[in-house]
Amino acid sequence: MSEAQNPFKIAQKQLDLAADILKLDPGIHALLREPLRELHVTLAVRMDDGSIKVFKGFRIQHNDARGPCKGGIRFHPDETVDTVRALATWMTWKCSVVDIPLGGGKGGVICNPKEMSQSELERLSRAYIRQVCRIIGPTQDVPAPDVYTNPQIMAWMMDEYNAIMRQDLRGVITGKPLELGGSAGRGDATARGAMYCVREAGKVMGLDLQGATTAIQGYGNAGQFAHQLGEELLGLKIVAVSDSKGGIYRPAGLDYKAVMAHKKRTGSVVNFPDSQNISNEELLELDVQILLPSALENQITQANAGRIKARIVGELANGPTTPEADDILFAKGVYVIPDFLCNAGGVTVSYFEGVQNAYNYYWKEAEVHEKLDEKMTAAFHAVDQMAKKHNVHNRLGAYLVAVARVADAVKLRGWV
Ligand code: GLU
0 MSEAQNPFKI AQKQLDLAAD ILKLDPGIHA LLREPLRELH VTLAVRMDDG
50 SIKVFKGFRI QHNDARGPCK GGIRFHPDET VDTVRALATW MTWKCSVVDI
100 PLGGGKGGVI CNPKEMSQSE LERLSRAYIR QVCRIIGPTQ DVPAPDVYTN
150 PQIMAWMMDE YNAIMRQDLR GVITGKPLEL GGSAGRGDAT ARGAMYCVRE
200 AGKVMGLDLQ GATTAIQGYG NAGQFAHQLG EELLGLKIVA VSDSKGGIYR
250 PAGLDYKAVM AHKKRTGSVV NFPDSQNISN EELLELDVQI LLPSALENQI
300 TQANAGRIKA RIVGELANGP TTPEADDILF AKGVYVIPDF LCNAGGVTVS
350 YFEGVQNAYN YYWKEAEVHE KLDEKMTAAF HAVDQMAKKH NVHNRLGAYL
400 VAVARVADAV KLRGWV
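If you're matching positions, the sequence shown starts at 0 in numbering that gives the first Met the number 0 and goes up one per residue.
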């Protein structure tokens, strides 16, 4: 990974820009550039063939001045400690920008879940919790799903934690199945929150979203639900989608039910009937009105930002755009809804899940949607106004809102 594409260096650089405008106290700035705590773990897991495989994992807590750390766990072959550091840092800003009383954390295990059986994944998940249980808990640090982890994995992790603690502490993890204390509305919350942001962006730009052509990169939890909800909530016309194997393009529009069924059957969206196969790179540069990067980091860079044609870029992924690309998109007048605002719906409903677990009383889905909409809409406009006030791009606007709140909490606690 080049220095320019190191997500943690990027996260630090983004903070530096905000610190400069905020005239942040140098001590607070220095503290916020680094995670507070890191746990690196080694996991020995018995594989189905009887052999033992050793995996490396991490749990990183960036900052908990505003509340317990919060953030997902990623299972990915390309996971690095610096990726987890960056993601933990972005979680601090994410929880702050939507104004929920939580800090930032993230976990990761270097593994390829696509090559593992369910029982191997269960043993890996439980082994991970046996190692990180010493630093997580409902009032310390609360993990959740992220790339290639899901509600079943959360269920195993919660169960392992409760067995170790000998108590029902289901609030230790969010994104759980409904049967085990998950929240209504958590499944599609990331995409739903992003659609609320796109709706608001349409308003501030005076853009009619009905039938607006849209391309989605990534077809995991965020991308799939963005396809469905983009159509259902906003009437977008999704003309291109992709996954790690490649993309498909159909100018007349792609039906989400048919594409999801095709992916389920074949393992990929590629070769969907009556559409053209395209690469992930081509998808980003399509002549569409809305682009929704919903996969991984570093997709829009100095190399391709000049060729992005979309008017709105809604980042459902974490870290899809590099700082150089931010400047290029801003100069072109592209309206970017930055990642830690655009994809904050997931953690917001995770927060609601934690609240419901603490009460042991559960809300209806409509109530969750209403509360989510309120949070996302308020955060969206706070960022939009901040960016306009300082004449900076929306990412920097989002940093100004989020960092100031964390800095206040750090100062009030007397840490610096
Ligand atoms: N992994 C998601 C994110 O990056 C959700 C985190 C959470 O729910 O704690 O925001």
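For glycine and all other residues, C-beta sits at the position ideal for the given N, C-alpha and C. None of the values given here were measured: they were computed from a predicted structure.
Contact test: residue i Cβ vs the ligand GLU heavy atom, cutoff 7 Å
{"i": "residue 145", "result": "yes"}
{"i": "residue 300", "result": "no"}
{"i": "residue 262", "result": "no"}
{"i": "residue 106", "result": "no"}
{"i": "residue 88", "result": "no"}
{"i": "residue 293", "result": "no"}
{"i": "residue 346", "result": "yes"}
{"i": "residue 265", "result": "no"}
{"i": "residue 219", "result": "no"}
{"i": "residue 138", "result": "no"}
{"i": "residue 318", "result": "no"}
{"i": "residue 342", "result": "yes"}
{"i": "residue 349", "result": "yes"}
{"i": "residue 213", "result": "no"}
{"i": "residue 370", "result": "no"}
{"i": "residue 332", "result": "no"}
{"i": "residue 70", "result": "yes"}
{"i": "residue 175", "result": "no"}
{"i": "residue 374", "result": "no"}
{"i": "residue 308", "result": "no"}
{"i": "residue 202", "result": "no"}
{"i": "residue 93", "result": "yes"}
Buried/exposed call for residue i, threshold 16 Cβ in 10 Å
{"i": "residue 273", "result": "exposed"}
{"i": "residue 331", "result": "exposed"}
{"i": "residue 482", "result": "Within the shown structure, residues of the chain are numbered from 0 to 415, placing residue 482 beyond reach of any answer."}
{"i": "residue 157", "result": "buried"}
{"i": "residue 257", "result": "exposed"}
{"i": "residue 371", "result": "buried"}
{"i": "residue 333", "result": "buried"}
{"i": "residue 154", "result": "buried"}
{"i": "residue 358", "result": "exposed"}
{"i": "residue 138", "result": "exposed"}
{"i": "residue 26", "result": "exposed"}
{"i": "residue 305", "result": "exposed"}
{"i": "residue 375", "result": "buried"}
{"i": "residue 270", "result": "exposed"}
{"i": "residue 90", "result": "buried"}
{"i": "residue 105", "result": "buried"}
{"i": "residue 51", "result": "exposed"}
{"i": "residue 42", "result": "buried"}
{"i": "residue 414", "result": "exposed"}
{"i": "residue 263", "result": "exposed"}
{"i": "residue 78", "result": "buried"}
{"i": "residue 284", "result": "buried"}
{"i": "residue 344", "result": "buried"}
{"i": "residue 33", "result": "exposed"}
{"i": "residue 418", "result": "Because residue 418 is not part of the residues shown, which for the chain are 0 to 415, the question remains open."}
{"i": "residue 298", "result": "buried"}
Query raised in the report: In the region 139-187, which residue ranges form an unbroken beta strand (DSSP E) of at least 3 residues, counting only runs that do not cross its ends?
Result: 140-144
Query raised in the report: Hey, is the region 187-200 in contact with the region 323-330, meaning 3+ C-beta pairs nearer than 8 Å?
Result: no
Query raised in the report: Can you give, in chain order, each stretch of the alpha helix (DSSP H) that sits fully within the region 317-358 and has at least 4 residues?
Result: 322-331, 338-341, 344-358
Query - Validate contact between the region 352-364 and the region 102-110 using beta carbons, cut 8 Å, 3 pairs - result: no
Query raised in the report: Looking at C-beta atoms only, is the number of pairs between the region 179-189 and the region 201-210 that lie closer than 8 Å three or more?
Result: no
Query - Every unbroken alpha helix (DSSP H) inside the region 31-75 [4 residues or more] - result: none
Query raised in the report: Are at least three pairs of beta-carbons, each pair with one atom in the region 66-79 and one in the region 126-144, less than 8 Å apart?
Result: yes
**Report entry** beta strand (DSSP E) segments (min. 3 residues) lying fully within the region 195-252
**Finding:** 212-216, 236-242, 245-248
**Report entry** Segments assigned alpha helix (DSSP H), at least 4 residues, entirely inside the region 276-325
**Finding:** 279-283
Query raised in the report: How do the region 81-88 and the region 386-396 stand: do at least 3 beta-carbon pairs fall below 8 Å, yes or no?
Result: no
Query raised in the report: Between the region 233-241 and the region 303-319, are three or more C-beta pairs nearer than 8 Å?
Result: no
Requested in this report: Taking only runs that begin and end inside the region 0-32, name each unbroken alpha helix (DSSP H) of 4 or more residues, in chain order.
Outcome: 6-21, 25-31
Query raised in the report: Would you call the region 129-138 and the region 43-61 touching, i.e. three or more CB-CB distances under 8 Å?
Result: yes
**Report entry** Three-pair Cβ contact test at 8 Å for the region 406-413 versus the region 11-29
**Finding:** yes
Query raised in the report: Which parts of the region 77-120 are runs of the beta strand (DSSP E), unbroken and 3 residues or longer, counting only runs that do not cross its ends?
Result: 102-109
Requested in this report: Evaluate contact between the region 282-298 and the region 218-234, counting only Cβ atoms and requiring at least three cross-stretch pairs below 8 Å.
Outcome: yes
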